[in-house]
């Protein structure tokens, strides 16, 4: 009997690995939407790749790898051929991160093309989106292994520019998420204040708005202190001053009477969030300035072994404060993309195609709650664009590649060189983000016949 039960359990697990997302949850888990579970599992795939990349960046992994006689020559610091094809250098440092992120980007790009124009779960391709997880994991592993067989050559140099473009676009997506989050937050608290006739909600909005502006001003002050010098660092001074001026102008536009009449949900809360994010992106840009006088993250050559030699005899740390904070922001934004609900209007304007009928979803949710599993809420229409979701993960893979390698352009095999490319990309992204937010404010005035509610 026990053997029969064990066999049935194995068959059940196998069906879940090959089947759809409803099998993923167990009886102790609450009922969840099939679409949400699928997005979360794909995000887990992405985070697994990020963890592997971080491990490959660890200096301890390199020292242990060279101790293995069957991998590399013991005690030799020069990469040798592994099984005649793979050299140890491709398994370490930024070269490993480039290949790992290339594999993730290729995996999600494959699904971007495969899931174009999927309208409901009745489409056969929806079964591939929401199921066959074991086989999809094998595909990801296979692409990853193949990526490490790519000859080094100019691969890193070419893929660097793909990362630049993808990271630029993902920074803009992060800003769209922040705008959407701030609008939803402001509207929700204003609605509660009107329903309950309580001033506490207004006070809360005021306190958070004041806090965000205070953090932004403190950030600008710290940028001037640590990233500028008297008589030098003119580019940094221009970038900080210009972005501060643009943020002030955007804040003024947000509270103009005409803008308030056309866009009642606009206010200083959203402007304060955008200002704080702009100062954050400015900080990321200045942390890549290839000048030791203007960049405190460039250290002397006597620093510890967790850094790589940089230009002008200086070294750059693997894990500095901008990289850590950027990684945290990346994780939060990626999770928001995965679990965002249907009331996030600006995100759904890009990702959503049709709403799931509420009556059908409510009925299925009751059945799923009793069985402790996910339920299919997309039989009459998908709740998000499958293709665009995977495209966001492609951009996320490129962005995390640039974040983990601190935007250093590959040079020699064991050397990464900081360039002004990363600085200008991030600064231009901050300007594009401010223009995008400004457009959300003035669009109802310029296009009065369109519905921006």
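In mature numbering (1 follows the signal peptide of the UniProt record, and there is no 0), the protein residues as written are -19 to -1, 1 to 434.
The beta-carbon is built from N, C-alpha and C at its ideal position, and this holds for glycine as well.
Can you tell me where the alpha helix (DSSP H) holding residue i begins and where it ends?
i: residue 27; result: 15 to 38
i: residue 111; result: 105 to 111
i: residue 310; result: 302 to 320
i: residue 95; result: 74 to 95
i: residue 364; result: Counting along the chain, residue 364 falls outside any alpha helix (DSSP H), and DSSP gives it neither H nor E.
So, at 7 Å on beta carbons, what are the nonlocal neighbours of residue i in its own chain, with the 5 sequence-adjacent residues on each side left out?
i: residue 404; result: 266, 269, 270
i: residue 221; result: 201, 204, 205, 263
i: residue 96; result: 106, 110, 367, 368, 371
i: residue 144; result: 379, 382, 383
i: residue 207; result: 277
i: residue 376; result: 147, 150, 151, 154
i: residue 196; result: 257
i: residue 303; result: 264, 265, 268
i: residue 92; result: 371
i: residue 79; result: 137, 140, 382
Quick one: residues in its chain with C-beta nearer than 8 Å to the C-beta of residue i, no 5 flanking neighbours on either side, listed in chain order?
i: residue 244; result: 421, 422, 425, 433
i: residue 255; result: 156, 159, 160, 163, 228, 231, 414, 415, 418
i: residue 193; result: 250, 253, 254, 256, 257
i: residue 87; result: 124, 128
i: residue 185; result: 170
i: residue 209; result: 217, 218, 221, 275
i: residue 215; result: none
i: residue 235; result: 247, 248, 249, 251, 252, 422
i: residue 180; result: 174
Mark residue i as exposed unless 16 or more other C-beta atoms lie within 10 angstroms of its C-beta, in which case mark it buried.
i: residue 311; result: buried
i: residue 384; result: buried
i: residue 320; result: exposed
i: residue 386; result: buried
i: residue 274; result: exposed
i: residue 135; result: exposed
i: residue 130; result: exposed
i: residue 18; result: buried
i: residue 239; result: exposed
i: residue 176; result: exposed
i: residue 34; result: buried
i: residue 374; result: buried
i: residue 25; result: exposed
i: residue 126; result: exposed
i: residue 14; result: buried
i: residue 211; result: exposed
i: residue 75; result: buried
i: residue 431; result: exposed
i: residue 429; result: exposed
Per the DSSP calculation, residue i is bridged to which residue(s)?
i: residue 210; result: 213
Return the chain-ordered list of same chain residues with a C-beta closer than 6 Å to the C-beta of residue i, the five sequence neighbours on each side being excluded.
i: residue 504; result: There is simply no residue 504 to check, as the chain begins at -19 and stops at 434 in what is shown.
i: residue 152; result: 410
i: residue -9; result: With a pLDDT of only 37 at residue -9, under 50, the local geometry of the prediction cannot be trusted, and no value is derived from it.
i: residue 32; result: none
i: residue 77; result: 37
i: residue 90; result: 375
i: residue 408; result: 220, 266
i: residue 226; result: none
i: residue 116; result: none
i: residue 406; result: 145, 149
i: residue 318; result: 373
Determine whether the Cβ of residue i lies closer than 9 Å to any Cβ atom of chain D.
i: residue 149; result: Structure shown: chain D not included; a single protein chain is present.
Requested in this report: Only counting runs of 3 or more residues, tell me where the beta strand (DSSP E) segments fall wholly within the stretch 194 to 280, in order along the chain.
Outcome: Not a single unbroken stretch of the beta strand (DSSP E) spanning 3 or more residues falls wholly within the stretch 194 to 280.
**Report entry** Contained beta strand (DSSP E) runs [length at least 3] in the stretch 119 to 155, N- to C-terminal order
**Finding:** Entirely contained in the stretch 119 to 155, not one beta strand (DSSP E) run reaches 3 residues.
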